[in-house]
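See structure below.
Residue numbers (the working numbering): 475 to 661.
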């Protein structure tokens, strides 16, 4: 979920489109809400399903099958606030929780970056780098990092998870050997 206050024409350019990566072989993506409000809080536009479309996410010569949901934002101008809510669901029925790596930093400044995990959280193992420890919520775990560092990928740069706030989540009983076997079975 994103809530963005646009302050300048550059912000209008930067936030006129949101792109959400997903893998259609194993994930379903839902655009739950796209709303633009003026300075007084009045709704000036709402996204419609017919506005969103899927594009190929491949950025290299390697074909991955990964996709992006492209979410255009209409009627945006300085002073407006955008609210975009997107959810993903695992399309399969895994026998155990899948491995997840979540980097809290973004390529633009954010006030908060949040990861919320629902389900039987006693069945998972988690680690964090510089990120705050998760808070136990009634239906899961919540990680919240205030003002994470802005990160723009540069050539020859080390992987972001080596120096940015990151959370790693896996099945409590997972091993790398079992993960590799499951991956090989899936391809």
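For glycine and all other residues, C-beta sits at the position ideal for the given N, C-alpha and C.
1) Cβ of residue 560 within 8 Å of Cβ of residue 503?
2) Would you kindly work out how many angstroms separate the C-alpha atoms of residue 485 and residue 549, rounded to a whole number?
3) Between the region 642-651 and the region 566-586, are three or more C-beta pairs nearer than 8 Å?
4) Helix, strand or coil for residue 490? Go by DSSP, reduced to three states.
5) Within a Cβ cutoff of 6 Å, which residues of the same chain sit near residue 546, ignoring the five residues on either side of it in sequence?
6) Within this structure, are the beta carbons of residue 556 and residue 494 separated by less than 8 Å?
7) Note down the Cα distance separating residue 586 from residue 657, rounded to an integer number of angstroms.
8) Flag this pair as yes or no: are the beta carbons of residue 649 and residue 575 separated by less than 8 Å?
9) In the DSSP assignment, the alpha helix (DSSP H) including residue 610 goes from what residue to what residue?
10) Taking 8 Å as the cut-off, decide whether the C-beta atoms of residue 579 and residue 622 are in contact.
11) Answer with buried or exposed for residue 541, where buried requires no fewer than 16 other C-beta atoms within 10 angstroms of its C-beta.
12) Three-state secondary structure (DSSP) at residue 539?
13) Which residue wins for smallest C-alpha separation from residue 543, given the options 554, 599, 562?
Straight from the coordinates:
1) yes
2) 13 Å
3) yes
4) coil
5) 491, 525
6) no
7) 33 Å
8) no
9) Segment 609-611 is the beta strand (DSSP E) holding residue 610; no alpha helix (DSSP H) there.
10) yes
11) buried
12) coil
13) 562
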